[in-house]
Ligand code: FSO
Ligand code: SF4
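Listed below in structure tokens is the structure:
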């Protein structure tokens, strides 16, 4: 075995990737990412000690946030970049240690190896291989610690997007180091479960923060028809989740004769009023992230990858792929910010040398049903529920993925009766968002709130409906949850839903490999979580 990773839904045989990731992550990068997480733990332990002693060390929380984001599935495949992140984290760890020592604070109780380990970069990979997931032998402790770490990785990703737009939260930042430090401590099972549930609470706070950041910067998403066809100009395809990158790209391409299209999780950017003023912001191109090989090839022009989900690029288009922010892949051009600004001129000049995109489809998609838009339609929605025209809402948020089993979600969408409405967010929608499911009295049967973080919007809508219908329990609402997961942000969203008290969630296409049988038992007993199963049976159970 040269690596071990089981953090995403595509973990080999739903057990773990041991030679190379199904995602394309090589064993050296996997071990370096484990080393990075190990280094973050050491930094977190010392940061907690510094906080307890009122010693302030600048920039720690941002660093933990971004370092964890680097290790999320399909974000960074570049060994050199991950090595640099480890260097930076270890350096910061030693700065915090020095500050504690200078203040004569006793740190002899901080015995975890992550606090004291030293070695140069030639040793990182080997250390990562022994410090990773399997270093914890008790499978329940390992399961609860990894569940927490994956939830925190997703929180870090969302916090990073909010921070890019100037919104940060001390509560969120403090939790990053608290949670990571806790994974080095000998906690009881109940204490570990409490920490996982706290991650759910912080997940909601972070998604709310990001929602505030996005809507303050770009307005409230509104009902929008998104064009699926192409024009004759050369174009740039932007993917990932970072709206700030999109804003900068649109500003820089304005008037250049180069069009901008979205791919995958960037689709919901079209719903924001602020981006509508750009005439060259043409539409969405292609399908979900895993379709990118075919889509990027056909696009003809450059692709800007701002976050996950990046797939190792084929040689036919790799000279056209650019990464930015925490995303990275060995050999691809990377664009960093200088003085807080990114210069995308190299991407724009590349586009000018390329053919226009090949048309894959035509038509339009309707979306933009984030909380403000849905609440603006609240009267209509409530009337439809009271009149029986809408019997159930089915939340089908989350992620898409490569596995054919995910056709389950398409089949569920097709099998749901005409009096149901699908509430979606995240790239899971690509399994059914082009189906002709019609509307109920003018309300479309698929309401897309936005990116995976906009699952927050679905929670806001649920809480509003609970209030309007005068219910005591969120589970008394006519809402079912049939969630698709892939990477760690979906774990974060799931923990957020559990924190809000949602019970009976169906999760698929498989339950996470990192949940031990005993941890699954805890989740079933407390939250009635169940795996997705047979389409007809699940639909019957959800809508009768
Ligand atoms: Fe999807 Fe990828 Fe948004 Fe994820 S594109 S899978 S949960 O990164 O973040 O929904
Ligand atoms: Fe395997 Fe997923 Fe880990 Fe990639 S992220 S190595 S596919 S478990």
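Numbering (my numbering), first residue to last: 47 to 590.
All residues carry an ideal CB built from backbone N, CA and C; glycine is no exception.
What you are looking at is a predicted structure, and each value in this text was computed from that prediction instead of being measured.
Have a look at residue i and residue j and give me their C-alpha separation to the nearest angstrom.
{"i": "residue 555", "j": "residue 578", "result": "6 Å"}
{"i": "residue 139", "j": "residue 150", "result": "17 Å"}
{"i": "residue 526", "j": "residue 299", "result": "43 Å"}
{"i": "residue 580", "j": "residue 551", "result": "15 Å"}
{"i": "residue 391", "j": "residue 304", "result": "11 Å"}
{"i": "residue 425", "j": "residue 437", "result": "16 Å"}
{"i": "residue 359", "j": "residue 291", "result": "21 Å"}
{"i": "residue 498", "j": "residue 121", "result": "15 Å"}
{"i": "residue 107", "j": "residue 220", "result": "7 Å"}
{"i": "residue 63", "j": "residue 318", "result": "39 Å"}
{"i": "residue 399", "j": "residue 284", "result": "17 Å"}
{"i": "residue 76", "j": "residue 466", "result": "43 Å"}
{"i": "residue 52", "j": "residue 60", "result": "8 Å"}
{"i": "residue 327", "j": "residue 306", "result": "5 Å"}
{"i": "residue 414", "j": "residue 490", "result": "11 Å"}
{"i": "residue 263", "j": "residue 176", "result": "44 Å"}
{"i": "residue 58", "j": "residue 449", "result": "11 Å"}
{"i": "residue 269", "j": "residue 154", "result": "58 Å"}
{"i": "residue 586", "j": "residue 247", "result": "32 Å"}
{"i": "residue 430", "j": "residue 488", "result": "10 Å"}
{"i": "residue 345", "j": "residue 410", "result": "18 Å"}
{"i": "residue 278", "j": "residue 127", "result": "37 Å"}
{"i": "residue 193", "j": "residue 395", "result": "44 Å"}
{"i": "residue 403", "j": "residue 252", "result": "37 Å"}
{"i": "residue 451", "j": "residue 576", "result": "16 Å"}
{"i": "residue 238", "j": "residue 541", "result": "14 Å"}
Please confirm whether any heavy atom of the ligand FSO lies closer than 7 Å to the CB of residue i.
{"i": "residue 451", "result": "no"}
{"i": "residue 199", "result": "no"}
{"i": "residue 400", "result": "no"}
{"i": "residue 527", "result": "no"}
{"i": "residue 554", "result": "no"}
{"i": "residue 502", "result": "no"}
{"i": "residue 330", "result": "no"}
{"i": "residue 465", "result": "no"}
{"i": "residue 409", "result": "no"}
{"i": "residue 354", "result": "yes"}
{"i": "residue 311", "result": "yes"}
{"i": "residue 287", "result": "yes"}
{"i": "residue 532", "result": "yes"}
{"i": "residue 497", "result": "yes"}
{"i": "residue 472", "result": "yes"}
{"i": "residue 245", "result": "no"}
{"i": "residue 339", "result": "no"}
{"i": "residue 416", "result": "no"}
{"i": "residue 315", "result": "no"}
{"i": "residue 536", "result": "yes"}
{"i": "residue 131", "result": "no"}
{"i": "residue 163", "result": "no"}
Excluding the 5 residues flanking residue i on each side, which residues of the same chain have their C-beta closer than 8 Å to its C-beta?
{"i": "residue 186", "result": "235, 562, 564, 565"}
{"i": "residue 45", "result": "Outside the modelled stretch of the chain, which goes from 47 to 590, sits residue 45, for which no answer is possible."}
Look at the Cβ atom of residue i, then the Cβ atom of residue j, and state whether they are nearer than 8 Å.
{"i": "residue 280", "j": "residue 401", "result": "yes"}
{"i": "residue 474", "j": "residue 416", "result": "no"}
{"i": "residue 483", "j": "residue 459", "result": "yes"}
{"i": "residue 341", "j": "residue 309", "result": "yes"}
{"i": "residue 145", "j": "residue 103", "result": "yes"}
{"i": "residue 295", "j": "residue 321", "result": "no"}
{"i": "residue 93", "j": "residue 135", "result": "no"}
{"i": "residue 476", "j": "residue 446", "result": "yes"}
{"i": "residue 502", "j": "residue 245", "result": "no"}
{"i": "residue 249", "j": "residue 532", "result": "no"}
{"i": "residue 348", "j": "residue 364", "result": "no"}
{"i": "residue 242", "j": "residue 275", "result": "no"}
{"i": "residue 123", "j": "residue 174", "result": "no"}
{"i": "residue 125", "j": "residue 190", "result": "no"}
{"i": "residue 199", "j": "residue 114", "result": "yes"}
{"i": "residue 584", "j": "residue 522", "result": "no"}
{"i": "residue 117", "j": "residue 83", "result": "yes"}
{"i": "residue 593", "j": "residue 164", "result": "No statement about residue 593 is possible, as the shown extent of the chain runs from 47 to 590 and does not include it."}
{"i": "residue 210", "j": "residue 288", "result": "yes"}
Can you name, in chain order, every residue of its own chain whose Cβ lies under 6 Å from the Cβ of residue i, other than the five neighbours on each side?
{"i": "residue 469", "result": "439, 441, 493, 504"}
{"i": "residue 90", "result": "223, 226, 227"}
{"i": "residue 418", "result": "266"}
{"i": "residue 547", "result": "520"}
Sorry if obvious, but does the Cβ on residue i come closer than 7 Å to a heavy atom of the ligand SAH?
{"i": "residue 148", "result": "Absent from the structure shown: the ligand SAH. Ligands present: the ligand FSO and the ligand SF4."}
Can you give me the Cβ contacts of residue i inside the same chain, cut-off strictly under 7 Å, excluding the 5 residues immediately before and after it?
{"i": "residue 286", "result": "311, 312, 351, 352, 353, 354, 373"}
Beta carbon nearer than 6 Å to a non-hydrogen atom of the ligand SF4: Sorted by chain position, residues whose beta-carbon lies closer than 6 Å to a non-hydrogen atom of the ligand SF4 are 51, 52, 53, 54, 56, 57, 63, 67, 68, 69, 71, 76, 119.
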